[in-house]
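Taking it in order: structure first as structure tokens, then the write-up.
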Amino acid sequence: MIHEAELFVKAEQMLVEVIGRIRSEHWRLVIPPLFDMPGADKPSPLRPLVNQYAYDNAWVPDMLAGRTMDEVGRDKFDGDLLGDDPHAAVTRISDAACAAASQVTDGDAVVHTSFGEFAARDYFWQIDIARCFLAHEIAMALGSRACPLPEDLAKGMYDGTAPVAEQWRSVGVFREPMPYPPGHVSWRDQFLLTAGRDPHPFLDH
Numbered sequence: 000m001i002h003e004a005e006l007f008v009k010a011e012q013m014l015v016e017v018i019g020r021i022r023s024e025h026w027r028l029v030i031p032p033l034f035d036m037p038g039a040d041k042p043s044p045l046r047p048l049v050n051q052y053a054y055d056n057a058w059v060p061d062m063l064a065g066r067t068m069d070e071v072g073r074d075k076f077d078g079d080l081l082g083d084d085p086h087a088a089v090t091r092i093s094d095a096a097c098a099a100a101s102q103v104t105d106g107d108a109v110v111h112t113s114f115g116e117f118a119a120r121d122y123f124w125q126i127d128i129a130r131c132f133l134a135h136e137i138a139m140a141l142g143s144r145a146c147p148l149p150e151d152l153a154k155g156m157y158d159g160t161a162p163v164a165e166q167w168r169s170v171g172v173f174r175e176p177m178p179y180p181p182g183h184v185s186w187r188d189q190f191l192l193t194a195g196r197d198p199h200p201f202l203d204h
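With numbering that gives the first Met the number 0 as the guide, the letters of the sequence shown map in order to residues 0 to 204.
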């Protein structure tokens, strides 16, 4: 399994755990935009956002197998994927995605997405970042005072994205960097601040 796939599995475990905290009264919470690119630059109610994550994840095994959406059928995963037990549905879809990721040994293998062709390692960076941001935003919306990213995942994300942060910024994935506070700064804070996200939105800065 390539390094980027290992980060994906860690990000999936984190996000599925965060989604497991959601209760019925939370589903109408509105989550801030994850990115600044068209199509992802507006707030979204929580349930459609989690369903979109499940949809994206459902495609991961086919994408990593080198299949195109036309080969698989573009409407294969349309509709409500969460059902009456969203956490169980998300867990099942995530398990399949992680199993597929664990088999990836060629980072240069071509992945055919709806928005272009990418090397597998680059595809993983895109979806790894998305999962980290989504887990953080959901956790904050649920009232957590702690960012859910574990330090080993956050360090891997920082090491892989900080050197090319301007590239991520240019396509609307990262925002303008936020200043580091004085003293020791955790890896999760370094990653999120470099990406222009506030790791502690409930604190007075």
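Think of the CB as a built atom: it goes at the ideal place given N, C-alpha and C, for glycine as much as any other residue.
C-alpha of I30 to C-alpha of V49: approximately 10 angstroms in a straight line.
Contact annotation: T90 and V15 have beta-carbon atoms nearer than 8 angstroms. At a Cβ-Cβ threshold of 8 angstroms, A119 and G106 count as neighbours. Going by beta carbons, L191 and C146 fall inside the 8 angstroms limit. A164 carries a helical assignment under DSSP once its states are collapsed to helix, strand and coil. Only exposed fits P162, as fewer than 16 other CB atoms lie within 10 angstroms of its CB.
Residue nearest to H111 within the set S101, Q102, F123, I21 is F123 (criterion: CA-CA distance). Scanning its chain for C-beta atoms nearer than 8 angstroms, with the 5 sequence neighbours on each side dropped, one finds around R196 the residues F132, H135, R174, M177, in chain order.
Rounded to the nearest angstrom, the gap between the Cα atoms of K41 and D151 is 30 angstroms. Where V49 is concerned, the enclosing alpha helix (DSSP H) starts and stops at 45-63.
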